[in-house]
Amino acid sequence: MQGNDIISSLLICLLENCGVIDGEDCVKLHDVIHDMALWITREFEATERIAVLKQTPKCPNLRTLFLSQNELQMISNGFFQFIPRLIVLDLSRNTGLRALPEGISQLVSLECFDLSWTGIEELPIKLKALTKLKMLDLSYMRNLRKIPQHLISSFSKLQIFKMWLPGIQLLPK
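Letter by letter, the sequence shown follows residues -23 to -1, 1 to 150 in mature numbering (1 follows the signal peptide of the UniProt record, and there is no 0).
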């Protein structure tokens, strides 16, 4: 069986064709496969959590990185140095994470950035380098005290911006 035949069989059985998006063929998991994958990860989920990211991974083709629900407290400055094509970064639900490294500005291809439920206290001005950002989630960031002036408005491609914290009301000056 040739590679194209295998992919065609998978498309028919496991994946649903989503058409062409941004010039690339896209597929999504069939609902049944998706639910089964979630069940498997819940049943066999490792209990070890990541607290510190100090290595410098060399992943030039990595597009998506989910680090949600760990015990992250620190990310080294060079961690993102060799991940130039990262499009999606999910750091959500890491309440011990208090700051983002300056190296976050190297993620110039980033489009989706989820910081919800983190303990981050201040957004670095260097986030302005994320010019392709389309989605930013700052919901439930109870420790967030400072967002540099004009930072959010500098994301000219931003389509989805979430910043919700129950019980907080923004009052006009």
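Glycine included, C-beta positions come from ideal geometry on N, C-alpha and C.
Computed from a predicted model, the values in this text were never measured in an experiment.
Sub-7 Å separation of residue i and residue j beta-carbons
i: threonine 95; j: leucine 63; result: no
i: glutamine 83; j: lysine 111; result: no
Residues bridged to residue i (per DSSP)
i: glutamate 1; result: Ile(-3)
i: phenylalanine 59; result: Lys35
i: valine 85; result: Partner(s): none; valine 85 has no beta bridge.
i: glutamate 98; result: In DSSP, glutamate 98 forms no bridge with anything.
Beta carbon proximity, residue i to chain D, threshold 7 Å
i: isoleucine 52; result: Judged by its chain identifiers, the structure shown contains no chain D, having just a single protein chain.
N-terminal and C-terminal residue of the beta strand (DSSP E) that residue i is part of
i: threonine 41; result: 41 to 43
i: leucine 66; result: 65 to 67
i: cysteine 89; result: 89 to 91
Whole-angstrom distance between residue j and residue i, CA atom to CA atom
i: glutamine 32; j: glycine 55; result: 8 Å
i: proline 61; j: tryptophan 16; result: 32 Å
i: serine 116; j: leucine 87; result: 19 Å
i: residue 210; j: arginine 26; result: There is no way to answer for residue 210, as the model of the chain reaches only from -23 to 150.
i: isoleucine 52; j: lysine 134; result: 26 Å
i: glutamine 58; j: leucine 42; result: 14 Å
i: leucine 77; j: glycine -1; result: 33 Å
**Message:** Ignoring anything shorter than 3 residues, give me the beta strand (DSSP E) runs that lie fully in the segment 114 to 141, in order along the chain.
**Reply:** 137 to 139
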